[in-house]
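Protein chains: 2
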Amino acid sequence: MSLDKVLARIDADLDQSVSRLMALLRIPSISTDPAYAADCARAADWLVAELQSLGFDASSRPTPGHPMVVAHGGQGARHLLFYGHYDVQPVDPLALWHRDPFDPEVQDTPKGRVIRARGAADDKGQLMTFVEACRAWKAVHGTLPGKLTLFFEGEEESGSPSLIPFMKDHAAELTADIALICDTGLFEDTTPAIVTMLRGLLGEELTIRGPDKDLHSGMYGGAAINPIRVLTRILGRLHDETGRITVPHFYDGVQELPEAIRAQWQALAFDHAKFLGDVDLSVPAGEQDRTPLEMLWSRPTAEINGIWGGYTGDGFKTVLPSEAHAKVSFRLVPGQDPDALRGHFRDWVRAQLPADCTVEFHAHGNGPAGVMSVEAPAFDAARQALSEEWGKPAAFVGCGGSIPIAGYFKTVLGMDAMLIGFGRDDDLIHSPNEKYDLECFHKGIRSWARVLARLT
Amino acid sequence: MSLDKVLARIDADLDQSVSRLMALLRIPSISTDPAYAADCARAADWLVAELQSLGFDASSRPTPGHPMVVAHGGQGARHLLFYGHYDVQPVDPLALWHRDPFDPEVQDTPKGRVIRARGAADDKGQLMTFVEACRAWKAVHGTLPGKLTLFFEGEEESGSPSLIPFMKDHAAELTADIALICDTGLFEDTTPAIVTMLRGLLGEELTIRGPDKDLHSGMYGGAAINPIRVLTRILGRLHDETGRITVPHFYDGVQELPEAIRAQWQALAFDHAKFLGDVDLSVPAGEQDRTPLEMLWSRPTAEINGIWGGYTGDGFKTVLPSEAHAKVSFRLVPGQDPDALRGHFRDWVRAQLPADCTVEFHAHGNGPAGVMSVEAPAFDAARQALSEEWGKPAAFVGCGGSIPIAGYFKTVLGMDAMLIGFGRDDDLIHSPNEKYDLECFHKGIRSWARVLARLT
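See below:
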């Protein structure tokens, strides 16, 4: 069977695959620091050369920021776009690294062999799993594994300022049947996962004003309303005793999880005690009739991300302040309309204002939740391929946060995305001593070979 | 009648009294700024010379800070101590003054003649009302109006660091039958007032901690408890719907106002609409079954003076913070035990903490409320004297804040104090363009002559 030959080739070539990854890891492509602009361009050029050597029509495309790498190649009925990013996070604080972040090394650890370097997991190592799968396929078959477009960004760690304009300007060549994104992780170390639900986000800032100037609490305390009192009173009611959010219409449109997904999640060995224990907590704080995974992946939330008012310095000042402020955000799930919800929240705040107070709102960003059409055959095919490689059923999972690129593929190019990645929770991405497990790199390459065998 | 002669003498000598006050106002005795230390000493010396010229045994007493002025004189059955302060606030921002703050001038304004200068009302003008009353008395009678000790401080505007040690070191000569303090105001412009109730103060700072590090609300939101949510939930319950404070035992020991005082307060033309309207409010925010004057003078309060947590800068950060903070203070009334109350508040907070959160308290200052023994005949005598001068019944009033000197006379020297002053709300003390109404200065001198005629 030809897939077996590809997998055998991957196994045999692993040391060389690691060597190639290490060459890429040696390029300090820190996108946020202009001092490393030439290194970013060099990383792009390195990838272009690698892809050209595999037969891709690859080029580095200039942008107002760092270049994009776009490569086309292969033939097939289904056009797949693969996305990754070659830029990395800064390395500060450098003193906490045990070795040069850009001098990669394979190290033995109690938990297995790791590739240690900035970008090993985020995202150079993950990006290279796909490239190495293509390489093995080419070596065995002489052709690429289907009609492929590879799209590597160099600004993911610095806000992707060029991404949307570039996607719009190059929509024709970037639009495929489905996008594959390799920038996520396994579920709990050994269970492969495809992220199919992403929560949206709505941000609000509010300022409550009472007296027209700061007052002295000796002079006015008792008779004058204190805006902090009003703010805490309102926000203190944002959740009821069971953790449910009290804003009217907040749950309008929120749907129950499909049974198939619910069954998959129940089968997942999610250790919520460890998840919370890692941050010194023990009791899930969301709706008490929901499981922790539901709280994180499929249920909306309301959080006070910041609050301030009055005197906050050292010592004490008996001020009765003129105003008080908070930043509140909502994680949204499919079915919730961000604009409508903003209105409901504001109505709810206004309805609780005492006569003498006013409120001013400032809208921060909002984005709807994302949900992939998992009924598309590609999702089931990928799931089977991952299950075979890892020896455990792959799961369609949710993601509590937002992954903007997935939304952009949907809104700019009109295509669904499958988010498949092989990172682990202890990879220390964005932190000192980042690593990528050799097993993840190896099985990641094999996973893509299996996925591509089924999808193309 | 000899009092009439004294009053006539005061009227006749008013221009000279103003001239003398202006001489004192020309000395820039800013106590908080070391650059003015020599000026503070000069103000003290100026007062010593004035008092000596009236026959007092007066001297400037060195302290580690600015000197105290102590003067003894006269004979009588009742020993009275008079307190004032010769130091003044800084004058920043100087650009907002319409003339040199230390070049005093008598000005005509739509509301009458004023003496304009830093310190005119706080406290040089008020202090001099007593000195000028003594002068007129001496001119008419050849003696001082009773057994008097005058005690002028030079550090009142900079925290009075030398005050308590000096009082302790000179307790014998400073202890009198009663203290007279001239550093307060009239009630609503034309009603004389004696402050007989001062609220106390208790300060608490609390920090609520949840997760052991700041979390990302995408990753943890919904499952991890947010300390700001806990803080707002607890503090949002500090008052009930009627404005009453919900901490158990908070009202333990709080007594209803004596009927005589209640009747006086009801007779006061307190314009609470104007009081609140001046700061753009309209609805009294305290206990709804209490009058605004009760809220301010005789009822305890709870205020959140500061609150902070999470991200408070520009833009937005979806942080789920590790901790949240607040500063809370309580204005206390007679009968409340500050130490017990601190414990009740802490118990109340702890009882509402979720399992995963901890709270840390930091105690800020506390001082009990003060209440004078108005049954002492001196209070009624002073009240009658003031009523005669102003043509309106003088009131025993409360003060929402604390006036430390009154507490020190009680706790260090064991004597009650009568707080009698002639300031008006628009005197701009501590602000640019401070003034003292000529009428207040004039009738203030006359008031003291009348009070002294009855007290000594």
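As they're listed, the protein sequences go chains A and B. For the first sequence, our numbering gives the first residue as 553, with consecutive numbering after it. For the second sequence, our numbering gives the first residue as 553, with consecutive numbering after it. For glycine and all other residues, C-beta sits at the position ideal for the given N, C-alpha and C.
Exclusion of the five residues before and after residue 816 of chain B leaves 947, 948 as the residues of its chain whose Cβ lies within less than 7 Å of its Cβ. Cβ neighbours of residue 752 of chain A within its own chain (closer than 8 Å, five residues either side excluded): 883, 884, 885, 888, 890, 918, 919, 920, 921, 922, 954. Pairing residue 658 of chain A with residue 570 of chain A gives a Cβ-Cβ distance under 8 Å. Here residue 841 of chain A is exposed, its C-beta having fewer than 16 other C-beta atoms within 10 Å. In its chain, beyond the 5 residues on either side, 757, 857, 858 have a beta carbon closer than 6 Å to the beta carbon of residue 879 of chain B. For residue 751 of chain B, the nearest beta carbon of chain A is closer than 8 Å to its own beta carbon. Cβ-Cβ separation between residue 907 of chain B and residue 835 of chain A: approximately 5 Å, consistent with a contact (criterion under 8 Å).
Put simply, the backbone Cα of residue 956 of chain B is about 47 Å away from that of residue 769 of chain B. Taking 3 residues as the minimum length, the beta strand (DSSP E) runs contained wholly in the segment 590-625 of chain A are 609-613, 620-625, in order along the chain.
Under the three-state reduction of DSSP, residue 871 of chain B is assigned to strand. With 16 or more other CB atoms across the displayed protein chains lying within 10 angstroms of its CB, residue 602 of chain A is buried. Non-local beta-carbon contacts of residue 697 of chain A in its own chain, meaning distances under 6 Å to residues more than five positions away in sequence, involve 689, 1004, 1008 in chain order.
Identification of chain B residues near residue 924 of chain A by a Cβ-Cβ cut-off of 7 Å yields none; the smallest Cβ-Cβ distance measures about 17 Å. Look at residue 982 of chain B: its C-beta is not under 8 Å from any C-beta on chain A. The continuous beta strand (DSSP E) containing residue 972 of chain A extends over residues 969-972.
Take the alpha-carbon of residue 881 of chain B and the one of residue 781 of chain A: they are about 12 Å apart.
Classified as buried, residue 678 of chain A has 16 or more neighbouring CB atoms from the shown chains inside 10 Å of its CB. For residue 908 of chain A, the chain B residues whose Cβ falls inside 7 Å of its Cβ are 833, 834, 835, in order along the chain. A distance of 8 Å or more separates the beta carbons of residue 853 of chain A and residue 737 of chain B. The beta carbon of residue 792 of chain B is closer than 7 Å to those of 798 in its chain, skipping five residues each way along the sequence. When secondary structure is reduced to three states using DSSP, residue 989 of chain A falls in the strand class. Taking 9 Å as the Cβ-Cβ cut-off, the segment 566-593 of chain A has no residue approaching chain B. Nearest C-alpha to residue 667 of chain A among A:567, A:998, A:587: A:567. For residue 848 of chain A, the C-beta contacts it makes with chain B under 7 Å involve 774, 775, in order along the chain. At a cut-off of 8 Å between beta carbons, residue 764 of chain A contacts chain B.
Contact with chain A is absent for residue 682 of chain B, since none of that chain's Cβ atoms lies less than 8 Å from the residue's Cβ. Within the segment 877-899 of chain B, the residues whose Cβ lies closer than 7 Å to any Cβ of chain A are, in chain order, 879, 881, 883. Counting along the chain, residue 885 of chain B sits inside no beta strand (DSSP E), nor does DSSP assign it H or E at all.
Residue 731 of chain A places its beta carbon less than 8 Å from that of residue 969 of chain A. Rounded to the nearest whole angstrom, the C-alpha separation of residue 766 of chain A and residue 860 of chain A is 14 Å.
Taken in chain order, the members of the segment 853-870 of chain B whose beta-carbon sits within less than 7 Å of a beta-carbon on chain A are 853, 855, 856, 857, 858, 859, 860, 861, 862, 863, 864, 868, 869, 870.
Interface criterion not met: the Cβ of residue 985 of chain B is under 8 Å from no Cβ in chain A. The straight-line gap separating the alpha-carbon atoms of residue 631 of chain A and residue 625 of chain A is approximately 10 Å. Assignment of residue 658 of chain B by DSSP, reduced to helix, strand and coil, places it in the strand class.
8 Å or more divides the Cβ of residue 813 of chain B from the Cβ of residue 934 of chain B. Between residue 778 of chain B and residue 872 of chain B a beta carbon distance of about 5 Å is seen, short of the 8 Å cut, so the two are scored as contacting.
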